[in-house]
Amino acid sequence: AFQASGTASAAPARTPAGTAFAAPAWTPTVVDDAHTKARHVLDRLESAVAAFRSGGSRPVRAILFAEDRKILDWVGHYLIMRLGQDAVAQHWGTHRADELRKFRSGLVAYRTCLSCGAASEDKCKTCGRRVLVLTAVEDLPTRVFEENVRDHRLGRVYSVGETVSLVAGGPPRIIRAIARCGGTYGAERTRQLDRGAARVLLLHHDGRHGLDLPFVTHIFLLRTIWESGYEKQVVS
Numbered sequence: 002a003f004q005a006s007g008t009a010s011a012a013p014a015r016t017p018a019g020t021a022f023a024a025p026a027w028t029p030t031v032v033d034d035a036h037t038k039a040r041h042v043l044d045r046l047e048s049a050v051a052a053f054r055s056g057g058s059r060p061v062r063a064i065l066f067a068e069d070r071k072i073l074d075w076v077g078h079y080l081i082m083r084l085g086q087d088a089v090a091q092h093w094g095t096h097r098a099d100e101l102r103k104f105r106s107g108l109v110a111y112r113t114c115l116s117c118g119a120a121s122e123d124k125c126k127t128c129g130r131r132v133l134v135l136t137a138v139e140d141l142p143t144r145v146f147e148e149n150v151r152d153h154r155l156g157r158v159y160s161v162g163e164t165v166s167l168v169a170g171g172p173p174r175i176i177r178a179i180a181r182c183g184g185t186y187g188a189e190r191t192r193q194l195d196r197g198a199a200r201v202l203l204l205h206h207d208g209r210h211g212l213d214l215p216f217v218t219h220i221f222l223l224r225t226i227w228e229s230g231y232e233k234q235v236v237s
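Each residue of the sequence shown is one higher than the one before, starting from 2 at the first, in the numbering used here.
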């Protein structure tokens, strides 16, 4: 099970059997909400993948839609933790065509940074992996990659002056600067993803038009859409 990060209040005590359910005395944050939604999505996808591997006819291809990028980032973070980076495509930004190709065909084009060793699917000339420059502490590195920060997630934005803690431990430290790896990439390579594994497309409102995806098996609406016509447009 995932451990939700952030500063959410503690969950209410379990209601004893046979007593009326009482509403919790706390308001769920976006972290709680995303954690619950991700767990539901994962349960459905894992059951569907098991059914396909047992003789089903259609591999699992799911779309997660929301107008709110924040909930997509949080749920996407949990899905990547469980399913891996290759399983999740993001249909926004300058690389949406490559992400859509990965979702459709399972073909991934990537290059490896010759400096840090990270594999990237973007087309930039130099490695854009983010590096945080932290206040100096004896025997600890001052430059760390952002994924080494505790509670790091997809879409998290760091700022100079922010205090962070590292997964490896040690005292909290202040971000003095934010840089990029800047290393050069090797030759482009391609790999084919496992057809039987689940693939997920995170879809924002600006990418809902003009997509023809008849092979999709699941659509999850992460936020309620109150206009029925709009909901039909999204699903179609």
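The beta-carbon is built from N, C-alpha and C at its ideal position, and this holds for glycine as well.
Query raised in the report: Alpha carbon to alpha carbon, what distance is there between Thr218 and Arg59?
Result: Sequence index remark: in the sequence shown, residue 59 carries index 58 (1-based). Sequence index remark: in the sequence shown, residue 218 carries index 217 (1-based). The straight-line gap from Cα to Cα measures roughly 8 Å.
Query raised in the report: Looking only at its own chain, which residues have a Cβ that is under 7 Å from the Cβ of Gly183, when we skip the five neighbours before and after it?
Result: Residue mapping note: residue 183 aligns to position 182 of the sequence shown, counting from 1. Result list for Gly183: Thr127 and Cys128, in chain order.
Query raised in the report: Could you give the C-beta distance for Ile176 and Val134, rounded to a whole number, given that I count them as a contact under 8 Å?
Result: To locate residue 176, count along the sequence shown from 1; it is residue 175. To locate residue 134, count along the sequence shown from 1; it is residue 133. Between Val134 and Ile176 the Cβ distance is about 7 Å, and since that is below 8 Å, they are a contact.
Query raised in the report: Just to confirm, are Leu194 and Val76 a CB contact at a threshold of 8 Å?
Result: Your numbering for residue 194 matches position 193 in the sequence shown. Your numbering for residue 76 matches position 75 in the sequence shown. Their beta carbons are not under 8 Å apart, which means Leu194 does not touch Val76 by this criterion.
Report task. Thinking Leu101 and Ala90 are a contact (beta carbons under 8 Å), I'd like their distance in whole angstroms, please. Result -> Taking the first residue of the sequence shown as position 1, residue 101 is located at position 100. Taking the first residue of the sequence shown as position 1, residue 90 is located at position 89. About 7 Å separates the two Cβ atoms, so the contact holds.
Query raised in the report: Just the Cα atoms here: how many angstroms apart are Ala188 and Leu155?
Result: Indexing the sequence shown from 1 puts residue 188 at position 187. Indexing the sequence shown from 1 puts residue 155 at position 154. Those two C-alpha atoms are separated by around 26 Å.
Query - Test item: CB-CB of Arg174 and Val165 under 8 Å - result: Within the sequence shown, numbered from 1, the residue matching residue 174 stands at position 173. Within the sequence shown, numbered from 1, the residue matching residue 165 stands at position 164. A contact, by the Cβ cut-off of 8 Å.
**Report entry** Endpoints, the alpha helix (DSSP H) within which Leu108 is located
**Finding:** The residue you call residue 108 lines up with position 107 of the sequence shown. Where Leu108 is concerned, there is no enclosing alpha helix (DSSP H), although the beta strand (DSSP E) it sits in stretches over Leu108 to Thr113.
Query raised in the report: Hey, quick one: how far does the alpha helix (DSSP H) through Ile226 stretch, first residue to last?
Result: Translated into positions along the sequence shown, residue 226 becomes position 225. Premise fails: Ile226 is in no alpha helix (DSSP H) and is neither H nor E.
Requested in this report: If I'm right that Leu203 touches Leu46 with Cβ under 8 Å, what's the distance once you round it to whole angstroms?
Outcome: As a position in the sequence shown, residue 203 is number 202, starting the count at 1. As a position in the sequence shown, residue 46 is number 45, starting the count at 1. 14 Å between Cβ atoms; not a contact.
Report task. Report yes if the CB atom of Ala198 is closer than 8 Å to the CB atom of Val50, and no otherwise. Result -> On the sequence shown, position 197 is the one that residue 198 refers to. On the sequence shown, position 49 is the one that residue 50 refers to. Yes.
Report task. Report buried or exposed for Val161, applying the criterion of at least 16 other Cβ atoms within 10 angstroms of its Cβ. Result -> On the sequence shown, position 160 is the one that residue 161 refers to. Exposed: under 16 other Cβ atoms inside 10 Å.
Query raised in the report: Tell me which same chain residues have a C-beta within less than 8 Å of the C-beta of Glu232, skipping the five on either side of it?
Result: Numbered from its first residue, the sequence shown carries residue 232 at position 231. So the list reads Leu222 and Ile226, once near-sequence residues are dropped.
**Report entry** Assigned exposure category for Arg138 - 16 Cβ within 10 Å defines buried
**Finding:** Here residue 138 is taken as the residue at index 137 of the sequence shown, counted from 1. The sequence shown places Val at residue 138, not Arg. Counting Cβ neighbours within 10 Å, Val138 comes out exposed, since fewer than 16 surround it.
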